[in-house]
Amino acid sequence: MAILPIRIIPDPVLREKAKPVAVVDERIRQLAKDMLATMYDAPGIGLAAPQVGVSERVVVCDVATGEDEEPAPMVLINPVVVEASQEWGVYEEGCLSIPEVTYDVERPAKVRVEYLDEEGALQTVDADGLLATCIQHEIDHLDGVLFIDHLSRLKRDRVWKRFVKQAKQGA
4 MAILPIRIIP DPVLREKAKP VAVVDERIRQ LAKDMLATMY DAPGIGLAAP
54 QVGVSERVVV CDVATGEDEE PAPMVLINPV VVEASQEWGV YEEGCLSIPE
104 VTYDVERPAK VRVEYLDEEG ALQTVDADGL LATCIQHEID HLDGVLFIDH
154 LSRLKRDRVW KRFVKQAKQG A
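Take the sequence shown: its letters are residues 4 to 174, numbered as in my numbering.
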């Protein structure tokens, strides 16, 4: 498994709508393994393929973050939210592509998501709490949406401008 470089805003791949995975093959399975290794190394609880420069609809996550919890990695290929609760929840979100920035974000508290697993079989997960938030955050990435897009325009613009400035200084 390789640790992949994580793209940071304003990298344009983070604003692209990712393409559906046509065939779940060894290349996709290897991508998922590398993404999990990258996510754990960062460390983070979720990662979408565009964050490592691959514009395909692949997400990995693991919200088992406690020391006494067994890792519970998930690989979701072509995930789609098919049902969302009317009830909302708020979590403090951060993003590996927007380092050292966190804000409270409001999202549906529960979601039902359909996806393909690593064998290409259709699966469904009913998620709530942190898992629901994480999956929605990562699916947003597949649509070119960042968690800061859920903030006020003032907060979003402040974060964006800071990273644009950093990118120009690093270039």
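Every residue gets a Cβ at the ideal spot worked out from N, C-alpha and C, and that includes glycine.
Leaving out five residues before and five after residue i in sequence, what residues of the same chain have Cβ atoms less than 6 Å from its Cβ?
i	result
valine 93	Asp107, Glu109
glycine 97	Thr105
glutamine 126	Tyr118, Asp120
leucine 79	Val62, Tyr118
serine 88	Pro111, Ala112, Lys113
histidine 153	Val108
leucine 145	Ala21, Ala51, Arg60
Can a CB atom of chain B be found closer than 8 Å to the CB of residue i?
i	result
glycine 123	The structure shown has no chain B; it contains just one protein chain.
Who does residue i pair with in a DSSP beta bridge?
i	result
tryptophan 163	Per DSSP, none; premise fails for tryptophan 163.
proline 111	Trp91
tyrosine 118	Gln126
tyrosine 106	Glu96
glycine 173	None; glycine 173 has no bridge partner.
threonine 50	Sequence inspection shows leucine at residue 50; the threonine mentioned does not correspond to that position. Paired residues: Val63.
leucine 79	Val62
lysine 22	Glu59
Looking at residue i: is its Cβ nearer than 8 Å to the Cβ of residue j?
i	j	result
glutamate 73	alanine 21	no
lysine 4	alanine 45	Checking the sequence shown, residue 4 turns out to be methionine, not lysine. Not in contact: methionine 4 and alanine 45 (Cβ atoms no closer than 8 Å).
alanine 135	lysine 113	yes
valine 116	valine 84	yes
isoleucine 6	proline 102	no
Grab me the residues of residue i's own chain with a C-beta within less than 8 Å of its C-beta, minus the 5 sequence neighbours each way, in chain order.
i	result
proline 8	Val55, Gly56
alanine 75	Asp65, Val66, Ala67
isoleucine 48	Met42, Cys64, Asp65, Val66, Thr68, Leu133, Cys137
glutamate 122	Val27
Given that a residue counts as buried once 16 or more other Cβ atoms are within 10 Å of its Cβ, and exposed if not, what is residue i?
i	result
proline 82	buried
leucine 157	exposed
glutamine 139	buried
alanine 52	buried
alanine 130	buried
alanine 124	exposed
serine 100	buried
glutamate 29	exposed
Going along the chain, which residues of its own chain have a beta-carbon closer than 7 Å to the beta-carbon of residue i, five neighbours each way excluded?
i	result
leucine 133	Val66, Tyr94
isoleucine 16	The amino acid occupying residue 16 in the given sequence is valine; isoleucine does not appear at that position. Only Arg10, Pro53, Gly56, Ser58 meet the Cβ criterion.
isoleucine 31	Val24, Val61, Ile80
Tell me the start and end of each unbroken alpha helix (DSSP H) in the region 125 to 161 that is at least 4 residues and wholly inside, in chain order. The qualifying runs are 132 to 145.
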